[in-house]
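Colleague: Next up is a structure, given as structure tokens.
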Amino acid sequence: MNPAAKERLSKVKAIYFDLDDTLCGYWDASKKGLREAFELNPIPGVSTDDAIAAWGGAFQGFSRDLKKIPDLYDAYLTSGEPTRTHQMRLTLEGLGQPSDEFAARLSQAYMERRDANLKLFPDAISVLDTLSQRFKIGLITNGPADIQNQEIDTTGIRNYLHAIFIEGEQRVGKPEKIVFDRAAAAMECDPEGLLMVGNSLHHDILPAIDFGWATVWTHRATDVPPSSKTGKPEPIPTEGPLPDLIVNHLSEILPYLEL
Ligand SMILES: [Mg+2]
-6 MNPAAKERLS KVKAIYFDLD DTLCGYWDAS KKGLREAFEL NPIPGVSTDD
44 AIAAWGGAFQ GFSRDLKKIP DLYDAYLTSG EPTRTHQMRL TLEGLGQPSD
94 EFAARLSQAY MERRDANLKL FPDAISVLDT LSQRFKIGLI TNGPADIQNQ
144 EIDTTGIRNY LHAIFIEGEQ RVGKPEKIVF DRAAAAMECD PEGLLMVGNS
194 LHHDILPAID FGWATVWTHR ATDVPPSSKT GKPEPIPTEG PLPDLIVNHL
244 SEILPYLEL
């Protein structure tokens, strides 16, 4: 680690985590949830693998366009249901079998099976236990208010969190500066006292670097969405700003914070 990164980490007083694929395996749960939803509700003449691939194709265009459709983004902030069902509708349309009723049933099954498969990474609780003895811990997570609160409760981490910032509740998400400013104010910390730990270079790491926070990028081989064409995690860039630390597992952070 370079001396500047070491110096930044030595000043940390409060730590914000991202949730999905930082503390818990969201894409893993998503993939298992999709598989189980399509196995429980088969699309006639379509294999489960082809159904998941069609969902992935629908997801790519849809996630890109979400914020460009104001009514849809507004609905999404409150509840994951309208966009989740819309995406199942697009999946069925893409397979030549449009049905609003079937889309709603698949959407519900997917949400239930994804939640049933959502697990914290094995070291998450021990890391939160250790860190919370010395630092204030918070969460900054993008996504609908209902689903993000459901995930916080499913994973059982609420008691560790001094402050929680959910895109759906704030009506604005990462990487916007206002989110990081509000999070800093909640910890009564200057930027140099804050550490952001996250899996997304674009949403978690680069904005936090920009705003003067210390940063740890969790970079796991399993961090691959069902819509991925490469089957690989986001590549580590060879130029531009980089985080203070890149880890495969959360527990690797502890020695750098002298724990
Ligand atoms: Mg994430």
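Under this note's numbering, the first residue of the sequence shown carries the number -6, and numbering increases by one thereafter.
For glycine and all other residues, C-beta sits at the position ideal for the given N, C-alpha and C.
Here the structure is a predicted model, which means the values were calculated and not measured.
(1) Under the three-state reduction of DSSP, which class applies to residue 254: helix, strand or coil?
(2) Tell me where the alpha helix (DSSP H) around residue 66 begins and ends.
(3) DSSP on residue 157, reduced to helix/strand/coil?
(4) Measure the alpha-carbon distance for residue 56 versus residue 48 and round it to whole angstroms.
(5) Roughly how many angstroms separate the alpha carbons of residue 132 and residue 96, rounded to a whole number?
(6) Kindly examine ligand 1 and report whether one of its heavy atoms sits closer than 7 angstroms to the Cβ of residue 193.
(7) Below 7 angstroms, is the gap between the Cβ of residue 116 and the nearest heavy atom of ligand 1?
(8) Per DSSP, residue 187 is paired with what?
(9) Between the alpha carbons of residue 303 and residue 187, how many angstroms are there, rounded?
(10) Can you name, in chain order, every residue of its own chain whose Cβ lies under 8 angstroms from the Cβ of residue 68, other than the five neighbours on each side?
(11) Pick from 201, 183, 135, 216: whose alpha carbon is nearest that of residue 225?
(12) Checking 8 angstroms against the spacing of the C-beta atoms, do residue 138 and residue 156 come in under that value?
(13) Count the other C-beta atoms from every protein chain shown that fall within 10 angstroms of the C-beta of residue 11, then say buried if there are 16 or more, exposed otherwise.
(14) From residue 66 to residue 113, what does the alpha carbon distance come to, in whole angstroms?
Modeller: Let's see:
(1) In the structure as shown, the chain begins at -6 and stops at 252. Residue 254 is therefore absent and cannot be evaluated.
(2) Translated into the one-based positions of the sequence shown, residue 66 becomes position 73. Residue 66 -> alpha helix (DSSP H) spans 63 to 71.
(3) The sequence position of residue 157 within the sequence shown is 164, counting from 1. In the structure shown, residue 157 sits in a strand (DSSP, three-state: E or B).
(4) Walking along the sequence shown from the start, residue 56 turns up at place 63. Walking along the sequence shown from the start, residue 48 turns up at place 55. The straight-line gap from Cα to Cα measures roughly 12 angstroms.
(5) Mapped onto the sequence shown, residue 132 falls at position 139. Mapped onto the sequence shown, residue 96 falls at position 103. Roughly 32 angstroms separates the two Cα atoms.
(6) The residue labelled residue 193 in the question sits at position 200 within the sequence shown. Residue 193 Cβ: within cutoff of ligand 1.
(7) Looking up residue 116 in the sequence shown gives position 123. No, ligand 1 has no heavy atom inside 7 angstroms of this Cβ.
(8) Within the sequence shown, numbered from 1, the residue matching residue 187 stands at position 194. Residue 187 is bridged to 7.
(9) Residue 303 is absent from the structure shown; the chain starts at -6 and stops at 252.
(10) For the purposes of this step, residue 68 is taken as residue 75 along the sequence shown, with counting starting at 1. Taken in chain order, the residues that qualify are 75, 76.
(11) Here the question's residue 225 lines up with position 232 in the sequence shown. Closest by alpha carbon: 216.
(12) Translated into positions along the sequence shown, residue 138 becomes position 145. Translated into positions along the sequence shown, residue 156 becomes position 163. Cβ atoms of residue 138 and residue 156: not closer than 8 angstroms.
(13) As a first step, residue 11 is located in the sequence shown; it is residue number 18 there, counting from the start. Classification of residue 11: buried, given that the 10 Å Cβ count is 16 or more.
(14) Position 73 of the sequence shown, counted from the start, is the residue given in the question as residue 66. Position 120 of the sequence shown, counted from the start, is the residue given in the question as residue 113. Using only the alpha carbons, I get a separation of about 27 angstroms.
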